[in-house]
Amino acid sequence: MKEIQLTNQLGQIKPGMKKHDAKTASHDNLLNPETASDNLNSEVTLNMACIFKFNLDREKKIHFIGYMDVKHGGLSWWRYASIRNNKLSLRLDLMVLDSFTGPLPNKILIKLELLNKRHHQLNKIKQSTIQLKKTYIWEDIINMDELENPSHGYVDDKGVFTFRLVVLQVTTK
2 MKEIQLTNQL GQIKPGMKKH DAKTASHDNL LNPETASDNL NSEVTLNMAC
52 IFKFNLDREK KIHFIGYMDV KHGGLSWWRY ASIRNNKLSL RLDLMVLDSF
102 TGPLPNKILI KLELLNKRHH QLNKIKQSTI QLKKTYIWED IINMDELENP
152 SHGYVDDKGV FTFRLVVLQV TTK
């Protein structure tokens, strides 16, 4: 198994922003045909996190304040949050772009963390193995009463809450 350490350098996301591009610390860390072909057991363990920020208004409507298609090694994430039955849900789509190099991923192990104002993760973590060309809707991530509880500190004084999506492992065919 080959270890690849990646770090996103995200700028400060301010209310009202529609798009924010993620940058990786080094292009040398990106998957490329040479490293992919050397990896005979076809698993790559990653330490890569994408930050999603949303704003919750007084009418309990969610607005993006930091919208980004996180592009890494030819993979792109798109996300959407909604409230159903007083519970927060999140939708994730994974797309492989034309710029992707190396063997196509078959499965990607990801985990989702809800951060509080002190950037500590929520104890309840969603973790899934996803496959390409599928949409994943994580229902009931958190009850809105728990999300909005001031003692938990998930929503700041501006109504902003933050998710961190961590890519744990990529498996190719």
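Taken in order, the sequence shown gives residues 2 to 174; the numbers are from my numbering. The C-beta atom is built at its ideal place from N, Cα and C for all residues, glycine as well.
What residues in its chain sit with their C-beta under 6 Å from that of residue i, if we drop five residues either side in the sequence?
i	result
Ala82	Phe55, Ile63 and Leu91
Gln13	With a pLDDT of 30 at Gln13, under the threshold of 50, the modelled position of this residue cannot be trusted; read the value that follows with caution. Here the set comprises nothing.
Ile142	Leu89 and Leu91
Going by beta carbon distance, what residues of the same chain come within less than 7 Å of residue i, once the five residues before and after it are set aside?
i	result
Lys112	Ile126, Lys127, Gln128, Val167 and Leu169
Leu57	Ile63, Val156, Gly160 and Phe162
His153	Asn117 and Glu147
The beta strand (DSSP E) that contains residue i, what's its start and end?
i	result
Glu114	Pro106 to Leu116
Arg119	Here Arg119 belongs to no beta strand (DSSP E), and DSSP marks it neither H nor E.
Arg165	Val161 to Thr173
Once the 5 residues before and after residue i are set aside, which same chain residues still bring their CB inside 8 Å of it?
i	result
Asp146	Asn87
Tell me residue i's beta-bridge partners as DSSP assigns them.
i	result
Ile142	Answer by DSSP bridge pairing: none, since Ile142 is not bridged.
Leu91	Ala82 and Trp139
Ser129	Ile111
I'd like to check one pair, residue j with residue i: are the Cβ atoms closer than 8 Å?
i	j	result
Glu114	Phe164	yes
Ile109	Val171	yes
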